[in-house]
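Read in order, the letters of the sequence shown correspond to residues 1 to 190 in the UniProt record's numbering.
Have a look at the structure below, then the notes.
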Amino acid sequence: MIEIPSDLNPDLVPLAFLLGTWEGAGVSDFPGAEKCNFGQSVTFSHDGRDFLEYHSHTWVLDNDGNKVRPLESESGFWRVDKDRKVEVVMVRDDGVVEVWYGELADQKPQIDLATDAVARTAASGPYSGGKRLYGYVKSDLMWVGEKATPEVPLRPYMSAHLKKVVTPEEVAEMARNLPDMPDDGIAFFK
């Protein structure tokens, strides 16, 4: 279920499905880079202004699912206009800054993005642009990313399946909002 916080800027309601902390795992595979499974933690938050703040951290996983080392980190700001057009400004730990544009799908919580501008520091690797697809599917957040370099045409490179993290405070609030249970406990299962 998608909740819309009472203090969320009204302009951001179409992006409310992103709010929260999400964790899960995915795969990374791109020519010239290590192919691996990775873990990910993503947070989308707001402070009442007209943007969502975004933070993502990924780490390489070994065959047993244990953290090996950091993989990538990125942070940014997400906005949406009245026509459901989405813009994202993002900075990554490897020295890349991107401006992404896209839109929300009609009648479903899905966002297609493509880079419009890319700036790189001298320390960053080759990169010329990308695409991303985010979707809210059966209460989970899924995404797939594509990237291109001057040597490699646009192709998928990372994807992940994330589950929403529920805090103890959120569990307590859910419990307070449960309807009264039948006294015998059996009628609930009929």
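Here a beta-carbon is modelled for each residue, glycine too, at the ideal position from N, C-alpha and C.
Can you give me the C-alpha to C-alpha distance between residue i and residue j, rounded to a whole angstrom?
i    : j    : result
E53  : E74  : 11 Å
K164 : F44  : 11 Å
V80  : P156 : 25 Å
F188 : D64  : Low confidence applies here, because F188 scores a pLDDT of 45, under 50, leaving its location unreliable; read the following figure in that light. Answer to the nearest angstrom: the Cα atoms are 39 Å apart.
E3   : E87  : 22 Å
W78  : G32  : 30 Å
Among the options, whose alpha-carbon lies nearest the alpha-carbon of residue i?
i           : options                  : result
K138        : P150, A117, P109 and P31 : P109
residue 212 : N9, L18, M1 and V91      : Any answer about residue 212 is impossible in this case: the structure gives the chain only from 1 up to 190.
E103        : D47, K82 and A122        : K82
R69         : H55, L15, Q40 and D50    : Q40
M1          : L12, A16 and D11         : A16
V144        : A172, L162 and W78       : L162
K131        : A114, D140 and A105      : A114
V89         : T167, A172 and F51       : F51
I111        : P168, R120 and Y136      : Y136
A119        : G32, V91 and P14         : V91
R84         : E146, L141 and D106      : D106
V152        : V13, P126 and P10        : P126
H46         : E23, G32, P31 and V13    : V13
Within a Cβ cutoff of 8 Å, which residues of the same chain sit near residue i, ignoring the five residues on either side of it in sequence?
i   : result
F38 : A25, G26, V27, S28, T58, W59, V60, L61, L71, M158 and A160
K67 : G39, W59, V60 and L61
Taking all protein chains shown into account, decide if residue i is buried (16 or more other Cβ within 10 angstroms of its Cβ) or exposed.
i   : result
S6  : exposed
G48 : exposed
G76 : buried
Going by beta carbon distance, what residues of the same chain come within less than 6 Å of residue i, once the five residues before and after it are set aside?
i           : result
residue 252 : Absent from the model: residue 252. The displayed extent of the chain is 1 to 190, so no value can be given.
A148        : S128, G129 and L154
K35         : D29
G20         : K164
S56         : V42 and E74
Could you pull out every residue in the same chain whose Cβ sits closer than 7 Å to the Cβ of residue i, ignoring the five residues on either side in sequence?
i    : result
S124 : D94, G95 and V96
T11  : The residue you asked about is not Thr; residue 11 is Asp in the sequence shown. So the list reads D50 and V80, once near-sequence residues are dropped.
Just to confirm, does residue i get its C-beta within under 7 Å of one of the non-hydrogen atoms of the ligand GDP?
i   : result
S41 : This structure lacks the ligand GDP; in fact it carries no ligand of any kind.
task = Please list the segments of the beta strand (DSSP E) lying wholly inside the UniProt domain "THAP4-like heme-binding" (11-164), counting only runs of 3 or more residues, in order along the chain.
result = Whole beta strand (DSSP E) segments, 3+ residues: 20-28, 36-45, 52-61, 67-80, 85-92, 96-104, 110-120, 129-137, 140-148 and 155-164.
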